[in-house]
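There are 4 protein chains.
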Amino acid sequence: MIIVMQKGASQEALAEVEKKIVELGYQPHVIHGETRNVVGAVGDERGKEKLQALESLPGVERVVPILKPYKLASREVQPQPSAIEIAPGLAIGGKEFIVVAGPCAVESREQICETAVAVKKSGARLLRGGAYKPRTSPYSFQGMEEDGLKLLAEARELTGLPIVTEVVNPRDVELVAKYADIMQVGARNTQNFALLKMLGQLDKPILLKRGMAVTIQEFLMSAEYILSEGNRKVILCERGIRTFETATRNTLDISAVPVLKQHTHLPVMIDPSHATGHAHLVAPMCYAAAAAGADGLLVEVHPCPEKATSDGPQSLRPAEFQEMMDKLRAFAQVAGREMAG
Amino acid sequence: MIIVMQKGASQEALAEVEKKIVELGYQPHVIHGETRNVVGAVGDERGKEKLQALESLPGVERVVPILKPYKLASREVQPQPSAIEIAPGLAIGGKEFIVVAGPCAVESREQICETAVAVKKSGARLLRGGAYKPRTSPYSFQGMEEDGLKLLAEARELTGLPIVTEVVNPRDVELVAKYADIMQVGARNTQNFALLKMLGQLDKPILLKRGMAVTIQEFLMSAEYILSEGNRKVILCERGIRTFETATRNTLDISAVPVLKQHTHLPVMIDPSHATGHAHLVAPMCYAAAAAGADGLLVEVHPCPEKATSDGPQSLRPAEFQEMMDKLRAFAQVAGREMAG
Amino acid sequence: MIIVMQKGASQEALAEVEKKIVELGYQPHVIHGETRNVVGAVGDERGKEKLQALESLPGVERVVPILKPYKLASREVQPQPSAIEIAPGLAIGGKEFIVVAGPCAVESREQICETAVAVKKSGARLLRGGAYKPRTSPYSFQGMEEDGLKLLAEARELTGLPIVTEVVNPRDVELVAKYADIMQVGARNTQNFALLKMLGQLDKPILLKRGMAVTIQEFLMSAEYILSEGNRKVILCERGIRTFETATRNTLDISAVPVLKQHTHLPVMIDPSHATGHAHLVAPMCYAAAAAGADGLLVEVHPCPEKATSDGPQSLRPAEFQEMMDKLRAFAQVAGREMAG
Amino acid sequence: MIIVMQKGASQEALAEVEKKIVELGYQPHVIHGETRNVVGAVGDERGKEKLQALESLPGVERVVPILKPYKLASREVQPQPSAIEIAPGLAIGGKEFIVVAGPCAVESREQICETAVAVKKSGARLLRGGAYKPRTSPYSFQGMEEDGLKLLAEARELTGLPIVTEVVNPRDVELVAKYADIMQVGARNTQNFALLKMLGQLDKPILLKRGMAVTIQEFLMSAEYILSEGNRKVILCERGIRTFETATRNTLDISAVPVLKQHTHLPVMIDPSHATGHAHLVAPMCYAAAAAGADGLLVEVHPCPEKATSDGPQSLRPAEFQEMMDKLRAFAQVAGREMAG
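Here is the structure:
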C-alpha cells in the first residue's frame, strides 16, 4: 500500500499515519516529495485491506493498493499453467483446445440427445445444458431441475460426453454434483460467495463465469474463494461484459485472455454465445478466441433455435456448428493446439 | 413484440413468421413499409419472450420488445405508491422521509450499541449493520454471523430502532428472519433468483439493492420475483452502478429515482455510502436524494472509521452524521416530506 | 510516480530503473518490500508522463501515477472558488444559483424570442440556443449558423439576457465570439484540443461540457488546456455520462459535483436535459443538482416540444419550466444560494 | 418508427398522433393491442428523426426507431465489400490482410526512418506516425507538426511505404493532405463533424477510428458524414471502447468486426495497441483480429519504447513486431487472406 498525504499535511498527521501502520503490523517508509509526502507500508499481504481505512485519518489524500490481492490463483504461486483433468484423456488447460457444446436449457430427451450426438460428431468434447436456469423474469421457463439432470446423464451415457451444468443455489450443490462432471457458476453468481465456498469443498472441476460487471481482478478473487477452500480445479470463462454497446448482448472482452494468462495459471475459456447474443456472430468470435490463446470454448447449439425456450437467437444449428468446427480446427492448430476429430 | 423483416425478405419468410406467431398464441399484424415489412404480435404478455426466438427464422432482421415485462411491480397494476409498514408509526414510502443508519459490519457490542444510540439521537429511524458480509476477498472479514445478529437485537432493545441486515445465503433466510425487521439483499445478489424466491415466501419487508450492472428494467424484474411469490413488501434501493469513472467507487444513478417512481409503486431509497465510497461525498448525495424524490436513505456511520473492518473510508463519524441530518431535514421539507426529531 | 518491480526482478533491472529516473531528472527512492521492490520518483511534475514509458523496461511490473496532472484548475493553486463574471451583477460560481434556459436549437425569430421572454419571466438569467448543432446524422438539421447567432442577439436585445451558444469548429471561434456572452463547448468536443487552445486565447467565459466517456480527471485536463493558454474564465458542466442504462439518454453523474468542488475552484453546472433525455425527469434532477451543491443549471425549454427540430422529448414547455423554477428556488435557498425573481 | 401509446390513452390522443404523422409526411398504421395501441409510421427515412419529437404528445409512452439511420455506409445500398485502393497494388478491404505499423509520434528523422525500414522488412505495407498529437494534457508533447510530416515523407521516399497520419484540426486538412496517403481521424474526433465534413470533400482515403463511447451505429453515422460529402474512401478502425475494466487501457470490442461486416461494405481494421495499452497484449489481439475477419491492423512499433514521448508502454520493439508478423501470417491465411513478404 502507498498512503498519499495531502499537500501541506502536518508533521503530526504524518506521524499518526506511521503509528497506525506500525499498529497494523507493517513497516512505514516515508518518501518526502516536493509537494507532498507518500508513505509505503511494507509487510505481509493478508489482511492488508485494513490499511485502506487509513484514508479516514486527517491529512491523508488517498490510499493506493500496489499488490494483487489474490495468491492461490496467481502465477507467482504457481508459474506453470494448470491442466484440469475432466476424464481420462480429457483435460482443460493442456495441449488440446476443448469445445463444450449444447443447448442453453435441457428441454426434452429428444432435444438433448439429438444435440449431444450432433455436437460429438462435430468434435465437441463435453456437453453443456442447463437444468436450473437463472432467468431475468420469474415468468420465464426456469429449467427442468432434477429431471433435466437425469436427461443430461442419459445423453452422457449415449455419447460418452462428460457434462457441464449450472448450479444456482447452495442447497442444490450436492444434487447437481451427483450428475455433473463440471459444475458451472453463471455470470449472475460470480460473486455469490456462499455458493463459491460450498463449491470450494468439492473435489470436482468448477467452471466459473465472469460476471457482467466484474473486473479481472475481482474475477480472480472469486476463483480464490474456491481455491482457498481446497478445490484447485477452477476453470475461468469470459462471457462478455456489460457496456454501452447494444449491437451485441454483451461486449466480449477478448483481451481478458492474455491478461488472465499473464496473472493466473488457471485455464481460460470463452463463451461467444452469451457474449454476442446472435448466432451469426458466434463463429468469428470462436476463431478469435482460439487465436487469442484461449483454452477452449462454450458454444450453444440447438436443433431448432426458433423453438428454444431460452437463448434461441444465439444458438447455432448443428450444421452451422459443424461448419464452424471445421474452420476452428485450423485456427487452433496455428495457435499451437490440437483438436479432436 | 415487433418483428422487423430484412429488406427483400421473401413472401414465404413473412408467411412463416405469421404462422409461428399464431402457433405461439398471438395475432400477427403486418405493416408493409417502403423498404421492409414489420409484423406486430398482439396478445397476452406472459411468456412472450418465446417470440424472441423468432429472430432465428430466415428473413427476420430483429425482434423488438415493446412492452415492459413486469406486472406486479408496475404502476399499471397499482397506480398509487406503496407505503411499507415496518413498525407501528413507521412506514417506508409514505409521508415521512426515512433514514437508516449504522456501520457496514457489526464488529462488537460497544461498536453497534454506541452507533445505534448516536444515530437514533440524530434522527435515524432504523439501524443497519451487516452480520454476513459478501466480501470480494476470501481473506477479508466475513462478518460475525449469528453473534452479529444477536448484537443487533441488543442494540434494537436498547434504542427501539428496528434493524435492517443482509442475508446472502438461502440457507440463512430463516435464521436472519428471526432477528431482522427488514431483510436486505445486497448488490451482488440482485439477480440471485434462488434467494429472491425464498424471500418472496416471507411476510417481512425486503430491501432490494440494485446490482452494479443491473438495468432499471432488470431491477424491477428482480422485485417481481419477490412479489410474484406473494411478498408485496419490497423496498428498492439504488446504490451506484459500475461505470468507467474511478473518482467514486460507483456512479450514483440519481435519475433512477424519478424513473422508478414513474414505472413502479414501490418505495425507492438511496445508499450514498456505497455509491460514492468516500465519506466527504456522502452528505451532498443525501441532499440530492431527498431533492430528487427518494423515500429515504441508507447511510453508513461508524464511531471510528479508521478502525473499521470494512468500508471505513465511506463511513461518517457520528458528529458528521448529526450535521448532515440537520441540513437534510430542510431539504426533505422542501421535497414535501417530514422527518423525525 | 511509483514504479512497481516484478517479483524476483534482478538487481540489474532495479539499477537500470534508478538510472533512468535520474536521467529524466527525478530522484529515485527504493522501498524494499517482502515480495518485491517499489521505487518512488520524486521531482517536479511537468513532463512526468515520460516516466510512464519505464513500464517497457525489463523487470518493471507497472508504473502508478500518484499525483494529479492538472495545476491551474486545482484547489492547490487557488483554494477559494472562482466566480466568473458574465455581466455586471451576474456571476457564475458566486452566491447566486444561476439558471440558463432556452431551446436546443434556434429555429426562428418567433421561437427564440418567445422562449427568451418566457424563461426570463420565470427567473432564468441567461438564454441558451444552438446555432451550430453537432448532430449524429448528416441528414439532421445542422443549425441556422450565423442567422441563428443574429436571432440570439435579437433575443438578448429584447430581454437583456446574455447568451450561451456552442462553437464546434475552430474556424468559427471568432464569429461566434462576436455574438456570444459565453462560448459553449459541447460534449463531443471536450477533447477537441485544437478548439480548446483557440478558446484559451479569448477573453470570454467558456462553458465546457463533460464528454460522455471523459473521466473527471480528464475533464479537468481539458479545462487546463483553456486555462494554460491564458483564459481563466472556465465553467464546467456535467451533462451525463454513457453507461449501460438505457432508461435515460445518459446517466447524470451527480456525484461529479462534490468531486469537482473538492479538486477545482472552477464553477460547476448541471445539464439535466441532455443527461436524462426525457422532459418529465428534468425537474427532479434540477432539484438534486441544487441540493448537491452545483452553481447552476442549463435547461432546455421549447414553446412547442413536439415540433422541435432537435431534442424535443427532453424540452420543458414554458409552463413546466415556471413550475420547476418555483420549487427550485426553495431548494437553492436551503443550499445556501440565492435566486433571482 | 413505432409510436407506443400509454395504457388507457384516449381516442383523441391517438387521433392527434395519427394527424401529426400525416403532417410529417408519413402514413400512420395502428395496431390495436390488448393493453395499449402502437402506431407504425411508414415512409421515406430521411428526416425521420422529427418523429422522435412525438414523444412529447399527450398519451405517448415512447417512440421506438426501427430502421438504421445510415444509407451510404450500408450493405443495403452496396452489398459487396469496398476495397479502397491506396497505391497501385495496395488496397484495404480486398484479398490482402494489411498491416500498418510505426511509432505513435514522429520524434526524429532517425526514429521514423529506422522504424520504417524495420517494419517494411517485417511485412508492414504502410507506415503510421503522428505529427499532430491530441494529448490529454496540455503539458505533454503535442507533436512535431509540419516538420513531422516532412520526416514521414522522407521515410516514405526511403522505403516506398505510403503513410497514415492524423489530422486534428479542420484548419490543417489541406496541409496534412499534401503529405498523407491516408488521413487518420482519431478516437477523440470520431464525432468532430466539422472535421468529417471537410474530409468528405477530399479525394483521399480516410481512416476513421471509433470513439471510446461511440456505438457501432453512431460510428457508421460518422462514416456517413464523410460519404455524404462525396468521399467514398472510408476505412473503419476499432481501437477499444471505454468500460469499467482497468487491466487494459480500453476494452477491444472484437465483435465489432462481424457486426460492422454485416451492416457495412466499408473495410474494418483493428488497432490493438491503443485498445490494450500494454505491449505484451498486442500480439494475441493481432491474431484475434485476423481470425475475426478484420481487413488489417494498425500496430505501434518504436525502436526504443522506454524513451518514447508517448505510448511507450504499448509499443512493440522491432524484433517483437517481426515475431508477431511471422505468426500472424499463418492466422491470416486460415482466415482466407494473403499477406506480403
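Chains as they are written, first to last, in this note's numbering: chain Y, 14 to 354; chain E, 14 to 354; chain C, 14 to 354; chain D, 14 to 354.
Note that the Cβ used here is the ideal one computed from N, Cα and C, for glycine as well.
Predicted, not measured: the structure shown is a model, and the values here were computed from it.
Contact between Pro183/D and Pro183/C holds: CB atoms are separated by about 7 Å, below the 8 Å threshold. Around the beta carbon of Val35/C, fewer than 16 other beta carbons lie within 10 angstroms, which makes this residue exposed. Not a single CB atom of chain C sits nearer than 7 Å to the CB of Phe257/D.
Counting only unbroken stretches of 3 or more residues, the beta strand (DSSP E) elements lying wholly within the stretch 145-210 of chain Y are 176-179, 195-198, in sequence order. DSSP places Ala292/Y in the helix class (H, G or I) of the three-state scheme. Take the alpha-carbon of Asp160/E and the one of Ala144/E: they are about 8 Å apart. Put simply, the stretch 227-242 of chain D does not touch the stretch 197-205 of chain C. Fewer than three CB pairs are less than 8 Å apart.
For Thr256/E, the closest C-alpha among the options His278/C, Thr228/C, Glu242/C, Ile248/C is that of Thr228/C.
Against chain E, the CB of Pro271/C has a partner CB under 7 Å away; the residue lies at that interface. Close partners of Gly38/C in chain Y (Cβ separation under 8 Å) are lacking, with about 12 Å as the shortest Cβ gap. The Cβ-Cβ distance between Leu220/C and Val270/C does not fall below 7 Å. For the stretch 178-193 of chain Y, residues whose beta-carbon sits nearer than 7 Å to a beta-carbon of chain E comprise Val181, Asn182, Pro183, Arg184. Under the three-state reduction of DSSP, Pro94/Y is assigned to coil, being neither helix nor strand. Assignment of Glu89/Y by DSSP, reduced to helix, strand and coil, places it in the coil class.
Note on Lys274/E: 16 or more other CB atoms within 10 angstroms of its CB, so buried under the neighbour-count rule. Against chain D, the CB of Leu265/Y has a partner CB under 7 Å away; the residue lies at that interface.
Annotation note: the stretch 30-72 of chain E contains the following uninterrupted beta strand (DSSP E) runs of length 3 or greater, listed N- to C-terminal: 40-45, 50-55. Against chain E, the CB of Ser153/Y has a partner CB under 7 Å away; the residue lies at that interface. Contact between Ala66/D and Gly253/C fails: their C-beta atoms lie close to 20 Å from each other, not under 8 Å. Interface flag for Lys20/D against chain E is set, since a Cβ pair is found closer than 7 Å. When the alpha-carbon of Ile248/Y is set against those of Gly213/Y, Ala260/Y, Leu265/Y, the nearest one is in Gly213/Y.
Apart from sequence neighbours up to five positions away, the residues of its chain that approach Thr48/E with a beta-carbon distance below 7 Å are Lys20, ordered along the chain.
The beta carbon of Ser135/D is closer than 6 Å to those of Phe334, Gln335, Met338 in its chain, skipping five residues each way along the sequence. For Ser150/D, no CB of chain Y lies under 7 Å from its own CB, so it is not counted at the interface with that chain. Listed by position along chain D, the residues whose Cβ is nearer than 9 Å to that of Ile229/Y are Glu258, Thr259, Ala260, Thr261.
Per DSSP, reduced to three states, the secondary structure at Arg122/D is helical. Annotated three-state conformation of Val227/C is coil, per DSSP.
Cβ contact annotation for Glu170/Y (same chain, cutoff 7 Å, sequence separation greater than five): none. In the three-state reduction of the DSSP assignment, Leu233/C falls in the helix class. When the five nearest sequence neighbours on each side are left out, the beta carbons in the same chain lying within less than 7 Å of the beta carbon of Gln91/D are those of His278, in order along the chain. For Gln65/Y, the C-beta contacts it makes with chain E under 8 Å involve Gly325, Pro326, in order along the chain. Neighbours of Val347/Y in chain D, taken as residues whose beta carbon is under 7 Å from its own, are Ala343, Phe344, Val347 in chain order. The residue among Val347/Y, Pro41/Y, Gly115/Y with its C-alpha nearest the C-alpha of Pro331/Y is Gly115/Y. Counting the other Cβ atoms within 10 Å of the Cβ of His45/C gives fewer than 16, which makes it exposed. Here Lys133/C is buried, its C-beta having at least 16 other C-beta atoms within 10 Å. In this structure, Leu215/D places its C-beta atom within 7 Å of the C-beta atom of Ala190/D.
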